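Notes follow the structure.
Residue numbers (our numbering): 4 to 171.
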């Protein structure tokens with residue numbers, strides 16, 4: 004589960020770490036208590052088998068303390084590993100989002116370029132379609148071919164310019 008890079012796993016590791024710390028805090032005072040009892044062995048003439056049993060309890064308490072410290076360190080390392088995996092997963096997601104954003108930007112460039120190419124002929128057509136009475140080029144014999152040539156050439160120039168920039 005650690006290698007999934009899940010936030011829920013991080014939470015569980017943290018909870019386990021807290022349990023280990025609580026266990027460690029509960030067991031740590033036993034060393035002093037057992038040491039105090041052992042100090043009174045000669046004073047109170049405690050039976051040898053009870054002394055042996057208390058030494059065994061002291062060994063178990065020391066072992067539990069060592070193991071809990073080992074578990075705490077292991078959980079700390081596992082939490083760091085899980086955090087690194089979460090960060091790596093987030094980086095991969097961000098990379099995917101950045102790639103998608105770049106692709107959208109490229110699409111927007113193309114759409115904008117085509118809109119620009121279509122703008123010039125649309126504007127010229129719109130001007131000629133207003134039906135003004137006083138338009139000198141309407142009476143000019145080459146006015147219509149000139150307007151078509153102007154629309155075509157402006158579109159061609161923009162197409163070449165956008166193609167050179169790599170937008171189309």
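Think of the CB as a built atom: it goes at the ideal place given N, C-alpha and C, for glycine as much as any other residue. No experiment lies behind these values; they were computed from the predicted model shown.
Three-state secondary structure assigned by DSSP to residue 86: helix
Simplified DSSP state of residue 144, which is helix, strand or coil: Here residue 144 sits in coil by DSSP.
Range of the contiguous alpha helix (DSSP H) that encloses residue 2: Missing from the structure shown is residue 2; the chain here goes from 4 to 171 and no further.
Where residue 169 sits in the DSSP three-state scheme: coil
Given residue 28 as reference, the closest of 9, 19, 71 once Cα atoms are compared: 71
For residue 96 and residue 23, the rounded distance between their alpha carbons: 34 Å
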